[in-house]
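What follows is a short report on a single structure.
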Amino acid sequence: MNSRSVAVTAILLLFAAPSLSGCSLFDPQVDLTLHDVVNAEYDAPDVTTQAEGITDTACVSPRNCVEAYSTAEADYFRFDTRKRADEYGSSVKDGFVVNYIVMDFEGKNASVEMQLWAMQALAGMWNDYEGDFPDRG
């Protein structure tokens, strides 16, 4: 193989590798699972109490999420794309969307303060969230 072929192959691999790896090099948020979220240790009160995996019952049509957990503070749904998360999040009456994850507070009895802390904890996992938090007071 001559040097030109090696260079062309290297360039093709450079552009193809991210698509083969799920683009996690350019979008590391895609790798964060809800299992990671509900099992995270915080230096503050636990905001994912009574966590229970509900993927088998919650991630069916029309929601079609890839992972779901229910906690005392919110139901969490993770989607395979940001677009799907945004679409589902826009249908939720009392919720919060960040990257691939939607939080749904409907039917939860946790205090608004605990739910705010849960939103802040989720958004803080990436250290890149610059949006506001819904006023749920």
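Positions -21 to -1, 1 to 116 (mature numbering (1 follows the signal peptide of the UniProt record, and there is no 0)) are the ones given, in order, by the sequence shown.
C-beta: ideal position from N, C-alpha, C; glycine also.
Collapsed DSSP secondary structure at GLU92 in the structure displayed: One-based indexing of the sequence shown puts residue 92 at position 113. Helix, per DSSP.
Supposed contact pair PHE112 and VAL81 - C-beta distance, whole angstroms, cut 8 Å: As a working note, residue 81 is residue 102 in the sequence shown. As a working note, residue 112 is residue 133 in the sequence shown. Incorrect: roughly 14 Å between the Cβ atoms, too far for contact.
VAL9 (DSSP reduced to helix, strand or coil): Within the sequence shown, residue 9 is the residue found at index 30, counting from 1. Note: VAL9 maps to helix in three-state DSSP.
Classification of GLU46 by the beta-carbon crowding that lies within 10 angstroms, buried from 16 upward: For the purposes of this step, residue 46 is taken as residue 67 along the sequence shown, with counting starting at 1. When all chains shown are included, GLU46 counts as buried.
Cβ pair count under 8 Å reaching 3, the region 30 to 46 against the region 71 to 78: no
Cβ separation of ASP54 and ASP25, assumed to be a contact under 8 Å, to the nearest whole Å: Stepping through the sequence shown from its first residue, residue 54 is reached at position 75. Stepping through the sequence shown from its first residue, residue 25 is reached at position 46. Rounded, the Cβ-Cβ distance is 17 Å, inconsistent with contact.
Buried or exposed by the 16-neighbour rule on C-beta atoms within 10 Å, applied to GLY68: Here residue 68 refers to the residue found at position 89 when the sequence shown is read from its first residue. Buried, since its Cβ has 16 or more Cβ neighbours within 10 Å.
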